[in-house]
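>
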């Protein structure tokens, strides 16, 4: 299995981005049971979990993104999404996805830069 993140970019404060994570090589029955999460790592800081979604589609968010970010999943496509609204400069980071319970090798991530 391989994680492939995409959708990052440069956006102004207050803007939006939608990130995608493909669990390449997985099949529906494997992907659908994964407890997936989106993490981010800003320069000089540790990687942090910002949102996660269980196999039952229960979601949890870090306080810093609550009300602005929405995590979702499409099991038929083996993808997890992160809709990010009202972006702030402090959201600038490389964003990664992974399975919380049985982490896979990290993907390359996708860079999100929020700047005027």
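Numbering (my numbering), first residue to last: 20 to 135.
Each residue gets a CB set at the ideal place from its N, CA and C atoms; glycine is no exception.
Keep in mind it's a predicted model, so treat the numbers as computed, not measured.
Applying the 10 Å Cβ sphere with the 16-neighbour rule, what's the burial state of residue 110?
Start at 1 with the first residue of the chain shown, and residue 110 comes out as number 91. Flag for residue 110 reads buried.
> Comparing alpha-carbon positions, which option in 27, 101, 29 and 37 lies nearest residue 79?
Translated into positions along the chain shown, residue 79 becomes position 60. Closest by alpha carbon: 101.
> Using DSSP bridges, identify the partner residues of residue 89.
By one-based count along the chain shown, residue 89 stands at place 70. Its beta-bridge partners are 102.
> Please report the residue range of the beta strand (DSSP E) in which residue 28 lies.
The residue labelled residue 28 in the question sits at position 9 within the chain shown. 28 to 30 is the span of the beta strand (DSSP E), which, as asked, contains residue 28.
> Assign residue 97 to one of two classes, buried (16 or more other C-beta atoms within 10 Å of its C-beta) or exposed (fewer than that).
Locating residue 97 in the chain shown gives position 78, counting from the first residue. Answer is buried; the Cβ neighbour count reaches 16.
> Which same chain residues, not among the five before or five after residue 52, have their C-beta less than 6 Å away from its C-beta?
Position 33 of the chain shown, counted from the start, is the residue given in the question as residue 52. For residue 52, where only same-chain residues beyond five positions count, the Cβ hits under 6 Å are 74.
> Work out the CA separation of residue 112 and residue 104 for me, nearest whole Å.
Here residue 104 refers to the residue found at position 85 when the chain shown is read from its first residue. Here residue 112 refers to the residue found at position 93 when the chain shown is read from its first residue. Each residue's Cα considered, the two are about 15 Å apart.
> Looking only at its own chain, which residues have a Cβ that is under 7 Å from the Cβ of residue 61, when we skip the five neighbours before and after it?
As a position in the chain shown, residue 61 is number 42, starting the count at 1. If we look at residue 61 and ignore the five residues flanking it on each side, its Cβ neighbours are 111 and 112.
> Determine, using beta carbons only, whether residue 118 and residue 54 come nearer to each other than 9 Å.
As a working note, residue 118 is residue 99 in the chain shown. As a working note, residue 54 is residue 35 in the chain shown. Going by C-beta atoms, residue 118 is nearer than 9 Å to residue 54.
> Which of helix, strand or coil does DSSP assign to residue 39?
As a position in the chain shown, residue 39 is number 20, starting the count at 1. It is a strand residue.
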